[in-house]
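As structure tokens, the structure follows; a few thoughts come after it.
Shown next as structure tokens:
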């Protein structure tokens, strides 16, 4: 397994945001593996832009609070962040207008891999999800 240290410095309206974790090479996409901060929350900064989420795959521990800061870096296009898995207790549907940043908090209790996607669509064009704006939330057993 190819482990690479991961550190990103991202510009946002509030200044610089640092996020850290381990990036694992798998299926040609990097996986951001989150660990709880000192206050017991798993945090990530996610960019919504041009039919993609960055990072596209995030791994979290089950039963540990999660906080995602979602920033839409598009100048015109609204996006959303949807996790629709009621059987796992995961239901988020958050609109993020162009240029806005939204913070969401939730808890993932059941291990598994869950789709994250944007279903925005303009008239008769394909939806953003159909254009590739989909990611994965990987919920792992606590302590792994």
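Numbering (this note's numbering), first residue to last: 226 to 369. The beta carbon of each residue, even a glycine, is placed where N, CA and C say it ideally should be.
Check, Outcome
"How would you write the range of the beta strand (DSSP E) that residue 350 sits in, first residue to last?", "Segment: none, residue 350 is in no beta strand (DSSP E) and carries neither H nor E."
"Does the pairing of the region 265-280 with the region 307-315 give three or more beta-carbon distances under 8 Å?", "no"
"Give the DSSP bridge partners of residue 370, in chain order.", "As shown, the chain starts at 226 and ends at 369. That puts residue 370 outside it, with no answer to give."
"Considering only residues of the same chain and omitting the five flanking positions on each side of residue 320, which have a CB-CB separation below 6 Å?", "305"
"Can you tell me the Cβ-Cβ gap for residue 291 and residue 333, rounded? I've got them flagged as a contact below 8 Å.", "6 Å"
"Can you tell me whether DSSP reads residue 313 as helix, strand or coil?", "helix"
"Where residue 324 and residue 330 are concerned, what is the direct C-alpha to C-alpha distance, given to the nearest angstrom?", "20 Å"
"Are the Cβ atoms of residue 314 and residue 341 separated by less than 8 Å?", "no"
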